[in-house]
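Trainee: Mind looking over this structure? Questions follow.
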Amino acid sequence: MEKKINPFNELYVTESIGGDPFVKLFSPTLVNDSLPIFQPGNVVLRGLQGSGKSMLMNLLKPDIFIAYKYSGEEFPIPEQCRKFIGAGINLTTSGATDFGERSITDDSIDDEINPSPIYLGDFFNYYIVADLLNSLDVIFKTQDKEIADEIGVSLDINSYNKFAKKICNEGCWEGYLKNVKSYPDIVQKILERIKKYRSFFNYNINSIPNEIKVTKTKIGEPISTVANKLKECGVLNPETQIYIRIDQYEELFYLEKLYTNFTPQYRQLIHKLLGSRESAVSYRIGTRKYAWPEAPQIINSSNILEKERDFKIIDLDETLRQKESKKGWVYPDLVGDVFSRRLKMFNYEGSTGENILEYVFGKKLSPEERAAEYITHPSMENIIGWEKDWPEMWKKTFSTLANDNLLSAKLGEAWLRQKGVDPKNPNSLNDFPWEKKEKKWWKKERIEQALMQIASKNRQRLIWRGKDDIIYLSGGNILIFLSICQHIWDVWIRDTRKKKFNPKIPQNINGEIQSIGIREASTFWYEKISERPGGKKRKEFIGHLGSFFNKSMTEDIKMSYPGGNGFSLNLKDLNSDDEIKSFLNESENFGDLIGLKHTSKRKGERRWKWYMNQIFSPYFNIPYVHTKEPLYVRLPQIYEWLGEKKRIKKMSKDQLELF
Amino acid sequence: MEDFIENRVQAWDKKAWNNKDKNEHYSEINRIILFLEEKLFYSYEPTKWEYPEFRDRLEEWLKNIAVDKDQKTLFTSLPNIFFIGEKEFIDLYRLAYNGPIAKWMVEETGLLLNNPEAYSLLRKAIENTWFLPVTDSLRINMFFHLNNIPGSQDWRPDLRSLVKFGNPEKVKKEFLKNKIKRIVLLEDFVGSGVQSLDTVKKFVKTLPEISILFVPLVICPTGLEEAKEIATKNKNLTIYPILELKPEDFVPELKHENRSKDLFNLSVLAHRYYLKTTNGVPMGKKPYHPLGFQQTGGLVIMCTNTPANTLPLFHWISDSWKPLFPRHTRV
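Here the protein sequences come in this chain order: A and B. The first sequence maps to residues 1 to 659 in my numbering. The second sequence maps to residues 1001 to 1331 in my numbering.
Dropping the structure here:
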């Protein structure tokens, strides 16, 4: 039987993707929110893994532009922003990170200076220039006047020869190109230099060749010189912008971490490019949030880059994160589009309109429907924890209600435990006060906790299914969304393995299959925490936190803390402990926690609150919905979640108050 | 869930959740089995033609048994299988050559490693060494190719056939004529050693003046013990296994209750369903015992075949039993 292929198998479709599949898979939904990337000026594109940074940056590559042109699809960048040529470097795949693997010696550099960043700057210059010339080559080879005119690139070989003649004598090369005569020779000589670096880092040569040592270049200088000369010689139209991509900047952060002392400041080197206020080229830096410093310092200087003046920040996490209101939230449209493009690419037939996610996964079940699913044998005993001293008349009230509305009965129990009954009016319970209009917020905030307790009492796991669950659990991260789809599809393929492949887009995939797939995806992401730096500690923390939330929300039968799937700290407390502060900050930056400003119920108090990434909710069997008030905790509780009991003992007794 | 296996896994998981049994994670085991299927189980050669889909065989295998609890035991036993796939064999072949064989050759030739000519002298010594498989299950051709062994050895018969059909005097004469100074015997798997060690023993006696190295790639404790005894009695024989399995890797006899709970449960199951597995063949006749040949209790499965020492419920074909890894038998 023909093997069924999971269209979501490949999670990471980034820069390795070719032009044609890119056109099919790329969703232009985010372009409008990222327009500064396609306008002059430096941009830092910040986002978690899977937020779509590399896909957006790919739009700067000429082969992608050409692929759009030949596919007949509209290039997703506004027409007035299309006059640009892109070049760039991926710090992982280019070999730039090899600079941490072998030390470089250079007698001409003072002992107290680590030569590595200087050479990285040189490597960077040559790599970018080579890529820029390659971009020109890609356009030139099309010999397509329409394309060349739109970008502003000459197809006249004479302009290239003129450029070659002029560029090789420029001082920025420190004489490296002095004997080179033709354009192809320049390209050859530049590539040779990159090759030499590779040979050195592959331990095929003993040292950096002298020819390189005596011709080291200043970071950025050859790039802007080449940019200016290309325009001067007519290779580029004076209006054509040059955008330089620097992807995976966070690799430099890891590289710096390799050193315990005498850390080479690789990131500061990149900051120098942005601080040069050079108008010939604009830089686009793709980075994860944690790697970009609060105050980006420029190498060998006390200067700090100025936001808005030296660079703009586009924070994709912010753009994609769940908003208070669904209006204007771009993420659901993005994932719908990504989803339908994937299916189309894998030859699924049928409607791929706006409601594709609802078509395939159905709607999220209503709270009442979920309550009914959790209870296999509806009876009051399966819902309410009855107290012996409660009067019979209450029992009767709840019995009747339970037959009619299980969820309301559970909420009623919490109401009764929390508020009691007015002794002057013992029959007031019969009016179901928790269902009254003025109590709608009380009820709304407790629905998820009530469902969780019903499921727990009936020994059931929480149900996860439907479009909204999938969107909210992925928490604004496209990679997590794809991973959820991948796992659901895997279970679906396994479950239907004996059936012939039907190319029609499946409608309403079975809810159980969705729940299993989502749980598998949740386990996958929980396990994945430890893969990244410092992950072991963060995984342990999330483990303790999740189990604590599950236990406390289940055992809180009064439902006094419906926001018990998050916690909040006083900023005074937080600022008094650098270790906790940096740990929580790091967890946020890695996307394991989501941190938000918290308006305290205590007047004048400033607080910050955190929730676990929603994708961990199925693993710990807790709701992902965040209500307004999380748990108010103090530092010892954080230490307990960190598994550091010794430290709690040392802390003063007054710190041990929890809520 | 429509699929039989998925349906079972979810039902078991639900039950474990209901009973708050934190030690049972059937979805997790399912994930491990899917992983093993993708990386290893798919490569099982005896089913490549007739029953290629592992998942189909798994379903049929579980359906051999009607009792839910016992199906669960079968299912959970799978991550305990020691499956030797194609890549693992490649590694074992290379490891054998670069490890024990090289070491033995150095010792045999008295080569000093600081001798600048050591490498070429060793290559030369290999030309006076023959490499022979003990049985035809070891792929000697592959061993030669993978290790790029100089091609001076024209004949590569398996020892078992040689001992059975060859004339000992003629064999001896041939070796002396070719100036063979050393022989390396290789075997992919030695269980109790009944088949391979008998052959080795006879052969070693035929050529007392030639140094012989016996390299089992994987060996069970009983086989190892037996092999060591043969080596003690025959000074021209050295034994050097690559991978020695430990007693705790085997399914225990029922009296050994102190072993892992999973393996003990499997042992109980193997005994309880023995007659169903064999369709009524009593113990003693093939497949001999619930714990396999010589009551080994093996859980080894090779991509090339399943040893007879492995539990019959994994490999035995009968009218009342559909195995997961059907064994290709000689007779």
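Ideal Cβ positions, reconstructed from N, Cα and C, are used throughout, including at glycine. Small disclaimer: the values here were computed from a predicted structure and weren't measured.
Can you tell me the Cα-Cα spacing of Asn1147(B) and Lys1087(B), whole angstroms?
Mentor: Along the second sequence, read from residue 1 onward, the residue named residue 1147(B) stands at position 147. Along the second sequence, read from residue 1 onward, the residue named residue 1087(B) stands at position 87. Going from the Cα of Asn1147(B) to the Cα of Lys1087(B) covers about 14 Å.
Trainee: Does the region 375-385 of chain A touch the region 405-415 of chain A, meaning 3 or more C-beta pairs lie closer than 8 Å?
Mentor: With a cut-off of 8 Å, the region 375-385 of chain A and the region 405-415 of chain A count as touching, because enough Cβ pairs lie within range.
Trainee: Per DSSP, which one or two residues make a beta bridge with Tyr331(A)?
Mentor: To locate residue 331(A), count along the first sequence from 1; it is residue 331. According to DSSP, Tyr331(A) bridges with nothing at all.
Trainee: Are the C-beta atoms of Met1001(B) and some chain A residue less than 8 Å apart?
Mentor: As a working mapping, residue 1001(B) is identified with position 1 in the second sequence. True, the Cβ-Cβ gap to chain A drops below 8 Å.
Trainee: Which runs of the beta strand (DSSP E) at least 3 residues long sit entirely within the region 1122-1174 of chain B? Give them in chain order.
Mentor: Correct list: 1129-1133.
Trainee: So what's Gln655(A) in DSSP terms, helix, strand or just coil?
Mentor: The residue you call residue 655(A) lines up with position 655 of the first sequence. Model confidence at Gln655(A) stands at a pLDDT of 47, short of 50, so the residue's coordinates are unreliable; what they give is reported in the following sentence. Gln655(A): helix per DSSP, three-state reduction.
Trainee: Going by C-alpha distance, which of Glu1209(B), Asn1309(B), Asn1114(B), Ile1032(B) is nearest Gly1223(B)?
Mentor: As a position in the second sequence, residue 1223(B) is number 223, starting the count at 1. Selected option, being the one with the closest Cα: Asn1309(B).
Trainee: Please list, in chain order, the chain A residues whose beta carbon lies closer than 8 Å to that of Trp1017(B).
Mentor: Reading the second sequence from its first residue, position 17 is the one you call residue 1017(B). The answer, in chain order, is Arg459, Gln460, Arg461.
Trainee: So, at 6 Å on beta carbons, what are the nonlocal neighbours of Pro1290(B) in its own chain, with the 5 sequence-adjacent residues on each side left out?
Mentor: By 1-based counting over the second sequence, the position of residue 1290(B) is 290. Within the same chain, Pro1290(B) has close Cβ partners Ala1270, His1271, Tyr1274.
Trainee: In whole angstroms, give me the CA-to-CA distance for Gln265(A) and Tyr526(A).
Mentor: Locating residue 265(A) in the first sequence gives position 265, where the first residue counts as 1. Locating residue 526(A) in the first sequence gives position 526, where the first residue counts as 1. Near 33 Å, if we compare the C-alpha coordinates of Tyr526(A) and Gln265(A).
Trainee: Are the beta-carbon atoms of Leu252(A) and Ile223(A) separated by less than 8 Å?
Mentor: Translated into the one-based positions of the first sequence, residue 252(A) becomes position 252. Translated into the one-based positions of the first sequence, residue 223(A) becomes position 223. The answer is no: Cβ separation not under 8 Å.
Trainee: Residues of chain A with CB under 9 Å from Arg1055(B), in chain order?
Mentor: Locating residue 1055(B) in the second sequence gives position 55, where the first residue counts as 1. Those within 9 Å of Arg1055(B) in chain A are Arg494, Arg497.
Trainee: Which residue or residues does DSSP assign as beta-bridge partners of Trp610(A)?
Mentor: For the purposes of this step, residue 610(A) is identified with residue 610 of the first sequence, where counting begins at 1. DSSP output for Trp610(A) lists Phe567(A), Gly595(A) as bridge partner(s).
Trainee: Could you tell me whether the region 555-570 of chain A touches the region 460-471 of chain A, using the rule of 3 or more Cβ pairs below 8 Å?
Mentor: No contact exists between the region 555-570 of chain A and the region 460-471 of chain A.
Trainee: Based on the DSSP secondary-structure assignment, which residues constitute the bridge partners of Asn6(A)?
Mentor: On the first sequence, position 6 is the one that residue 6(A) refers to. Answer is none; Asn6(A) lacks a bridge partner.
Trainee: Using a Cβ-Cβ cut-off of less than 8 Å, give me the residues of the region 499-517 of chain A that come near chain B, in sequence order.
Mentor: Going along the region 499-517 of chain A in chain order, one finds Asn510, Glu512, Ile513, Ile516 with a Cβ nearer than 8 Å to chain B.
Trainee: Taking contact to mean 3 or more Cβ pairs, one atom from each stretch, closer than 8 Å, check whether the region 357-374 of chain A and the region 495-512 of chain A are in contact.
Mentor: Yes, they touch.
Trainee: Using the DSSP secondary-structure output, state which residues sit across from Leu45(A) in a beta bridge.
Mentor: For the purposes of this step, residue 45(A) is taken as the residue at position 45 of the first sequence. DSSP, once it has assigned bridges, lists Gly286(A), Ile314(A) as partnering Leu45(A).
Trainee: What residues from chain A crowd round Gln1153(B), counting only those whose CB sits closer than 8 Å?
Mentor: Reading the second sequence from its first residue, position 153 is the one you call residue 1153(B). None at all; the shortest Cβ gap to chain A is about 37 Å.
Trainee: For the beta strand (DSSP E) containing Phe1189(B), list its first residue and its last residue.
Mentor: Along the second sequence, one-based indexing puts residue 1189(B) at 189. Per DSSP, Phe1189(B) belongs to the beta strand (DSSP E) from 1182-1190.
Trainee: Do the region 240-255 of chain A and the region 90-99 of chain A make contact, defined as three or more Cβ pairs closer than 8 Å?
Mentor: Contact holds: three or more Cβ-Cβ distances are below 8 Å.
Trainee: Could you tell me the distance, in whole angstroms, from the CA atom of Gly942(B) to the CA atom of Leu1138(B)?
Mentor: Coverage of chain B is limited to positions 1001 through 1331, which leaves residue 942(B) absent and any answer about it impossible.
Trainee: Using a beta-carbon distance below 8 Å, is Glu1006(B) in contact with chain A?
Mentor: Numbered from 1 along the second sequence, position 6 holds the residue referred to as residue 1006(B). True, the Cβ-Cβ gap to chain A drops below 8 Å.
Trainee: Helix, strand or coil: how does DSSP classify Pro1282(B) here?
Mentor: Stepping through the second sequence from its first residue, residue 1282(B) is reached at position 282. Pro1282(B): coil per DSSP, three-state reduction.
Trainee: Can you tell me which of Tyr126(A), Gln80(A), Ile454(A) puts its alpha carbon nearest to the alpha carbon of Asn405(A)?
Mentor: Along the first sequence, one-based indexing puts residue 405(A) at 405. If we check each option's Cα against that of Asn405(A), Ile454(A) comes out closest.
Trainee: Going by the CB atoms, is the gap between Asn1236(B) and Ser1211(B) shorter than 8 Å?
Mentor: Locating residue 1211(B) in the second sequence gives position 211, where the first residue counts as 1. Locating residue 1236(B) in the second sequence gives position 236, where the first residue counts as 1. In this structure, Asn1236(B) lies closer than 8 Å to Ser1211(B) by Cβ.
Trainee: Report, in whole angstroms, the separation of the C-beta atoms of Phe541(A) and Trp641(A), which I expect to be a contact under 8 Å.
Mentor: What you label residue 541(A) is simply residue 541 of the first sequence in a count that begins at 1. What you label residue 641(A) is simply residue 641 of the first sequence in a count that begins at 1. Rounded, the Cβ-Cβ distance is 5 Å, consistent with contact.
Trainee: Which bits of chain A does Leu1010(B) rub up against, with CB to CB less than 8 Å?
Mentor: As a position in the second sequence, residue 1010(B) is number 10, starting the count at 1. In the sequence on display, residue 1010(B) carries Gln and not Leu. Near Gln1010(B) (Cβ distances below 8 Å), the residues of chain A are Glu512, Ile516.
Trainee: Alpha carbon to alpha carbon, how far is Gln486(A) from Trp492(A)? Give it in angstroms, no decimals.
Mentor: Position 492 of the first sequence, counted from the start, is the residue given in the question as residue 492(A). Position 486 of the first sequence, counted from the start, is the residue given in the question as residue 486(A). In a straight line, the C-alpha of Trp492(A) is about 10 Å away from that of Gln486(A).
Trainee: What do you get for Asn621(A), buried or exposed, if any count of 16 or more other CB atoms within 10 angstroms of its CB means buried?
Mentor: Start at 1 with the first residue of the first sequence, and residue 621(A) comes out as number 621. Buried is the call here.
Trainee: For a test of the three-state rule: what should DSSP assign to Gln297(A), helix, strand or coil?
Mentor: Position 297 of the first sequence, counted from the first residue, corresponds to residue 297(A). Reduced to three states, the DSSP call for Gln297(A) is strand.
Trainee: What does the Cβ neighbour count give for Lys1020(B), buried or exposed, with the cut at 16 atoms within 10 Å?
Mentor: Looking up residue 1020(B) in the second sequence gives position 20. Answer is exposed; the Cβ neighbour count stays below 16.
Trainee: Between Ile118(A), Ser587(A), Ile447(A), Glu644(A), which has its C-alpha nearest Ser530(A)'s C-alpha?
Mentor: The count along the first sequence starts at 1 and reaches residue 530(A) at position 530. The shortest C-alpha separation from Ser530(A) is found at Ser587(A).
Trainee: Determine the direct distance from the alpha carbon of Tyr197(A) to that of Glu1174(B), and round the result to whole angstroms.
Mentor: Here residue 1174(B) is taken as the residue at index 174 of the second sequence, counted from 1. Here residue 197(A) is taken as the residue at index 197 of the first sequence, counted from 1. Rounded to whole angstroms, Glu1174(B) to Tyr197(A) spans 58 Å at the Cα level.
Trainee: Closer than 8 Å is the cut-off here; do at least three beta carbon pairs connect the region 513-523 of chain A with the region 38-50 of chain A?
Mentor: They do not touch, by the three-pair rule.
Trainee: By the 10 Å Cβ neighbour count, where 16 or more other Cβ atoms means buried, how is Arg1156(B) classified, buried or exposed?
Mentor: On the second sequence, residue 1156(B) is found 156 positions in, with the first residue counted as 1. Exposed is the call here.
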